[in-house]
Amino acid sequence: MKVVIIYTTITGNTKELAEEIFRIFCRQSVDISIYRIDEFSVSHLHDYDVVIFGTYTWGTGNIPKEMRTIYREFEVLERKGMITAVFGTGDSCYPNYCGAVDLFRDMLYVHTILAATLKVELTPQRQDLHRCQKFVESIVKRMK
Ligand SMILES: Cc1cc2nc3c(=O)[nH]c(=O)nc-3n(C[C@H](O)[C@H](O)[C@H](O)COP(=O)(O)O)c2cc1C
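When we follow the numbering used here, the leftmost residue of the sequence shown carries the number 2, and every step to the right adds one.
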């Protein structure tokens, strides 16, 4: 099975989280690729069995602008058998903590097989590594 992580970041928190998740997948000998959203062509979505999104939250709990096209693509993709997951970083000072993760979660739950979600407060800390590990394990379990 081919797995891809597609993420977006401005200040680097979500990039750090994406790279940690990527490293954990590599240790499990999974065929995995990682792309920043601006390097990924939506036309390549069909090459993957498992798609994992990483996003920060913007505005008042919104999905960042650069993630909206791929979000809408999934609403019409007709790949109900595709396994997906979503992770993100946010700041709990905002009323809608990691709101973009919630929006992706709700949409992916309807249109795909949603395997896992993960929210991390700003920069990933040591205690988040265990949560990343669990996140990856939940996805890998669905792939079997
Ligand atoms: C203008 C602005 C709006 C934000 N809105 C939210 C929000 O609604 N919910 C949230 O959890 N975090 C919010 N954040 C925090 C970011 O999502 C958080 O800093 C995130 O870790 C940034 O990710 P990045 O380092 O990958 O760019 C906001 C940040 C800014 C600057």
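C-beta atoms are modelled at their ideal positions from N, C-alpha and C, and glycine is treated no differently.
In three-state terms, what does DSSP make of Thr90?
The residue you call residue 90 lines up with position 89 of the sequence shown. In the structure shown, Thr90 sits in a strand (DSSP, three-state: E or B).
From the DSSP output, which residues share a beta bridge with Arg149?
The question about residue 149 has no answer here: the residues shown for the chain are numbered 2 through 145.
Once the 5 residues before and after Asp48 are set aside, which same chain residues still bring their CB inside 7 Å of it?
Counting from 1 along the sequence shown, the entry for residue 48 is found at position 47. Excluding residues within five positions, the ones whose Cβ falls inside 7 Å are Lys3.
Report the option in Ile11, Glu74, Leu104 and Leu18 whose CA atom is closest to the CA atom of Thr124.
Position 123 of the sequence shown, counted from the start, is the residue given in the question as residue 124. Checking every option, the nearest Cα to that of Thr124 belongs to Leu18.
Alpha carbon of Gly60 to alpha carbon of Asp92, nearest angstrom:
As a first step, residue 60 must be located in the sequence shown, where it is residue number 59. As a first step, residue 92 must be located in the sequence shown, where it is residue number 91. In a straight line, the C-alpha of Gly60 is about 12 Å away from that of Asp92.
Give me the Cα-Cα distance between Ile25 and Ala117, rounded to the nearest whole angstrom.
As a first step, residue 25 must be located in the sequence shown, where it is residue number 24. As a first step, residue 117 must be located in the sequence shown, where it is residue number 116. Going from the Cα of Ile25 to the Cα of Ala117 covers about 15 Å.
Please state whether DSSP places Tyr57 in a helix, a strand or coil.
Here the question's residue 57 lines up with position 56 in the sequence shown. It is a strand residue.
Tell me whether the beta-carbon of Ile35 lies closer than 8 Å to the beta-carbon of Phe23.
Within the sequence shown, the letter at position 34 stands for residue 35. Within the sequence shown, the letter at position 22 stands for residue 23. Closer than 8 Å, so yes.
Same chain only: Cβ atoms within 8 Å of Arg132, ignoring 5 sequence neighbours per side:
In the sequence shown, counting from the first residue as 1, residue 132 sits at position 131. Correct list, in chain order: Leu119 and Val121.
Identified DSSP bridge partners for Asn63:
The count along the sequence shown starts at 1 and reaches residue 63 at position 62. According to DSSP, which records beta bridges pairwise, Asn63 is partnered with Trp59.
To the nearest angstrom, report how far apart Met108 and Arg127 are at their CA atoms.
Mapped onto the sequence shown, residue 108 falls at position 107. Mapped onto the sequence shown, residue 127 falls at position 126. C-alpha separation (whole angstroms): 30 Å.
Is Leu119 close to ligand 1? I mean its beta-carbon at under 7 Å from any heavy atom of the ligand.
Working through the sequence shown from its first residue, we reach residue 119 at position 118. For ligand 1, not one heavy atom lies less than 7 Å from the Cβ of Leu119.
Beta-carbon separation of Ile64 and Thr70 under 8 Å?
Translated into positions along the sequence shown, residue 64 becomes position 63. Translated into positions along the sequence shown, residue 70 becomes position 69. Taking 8 Å as the Cβ cut-off, Ile64 and Thr70 do not qualify as a contacting pair.
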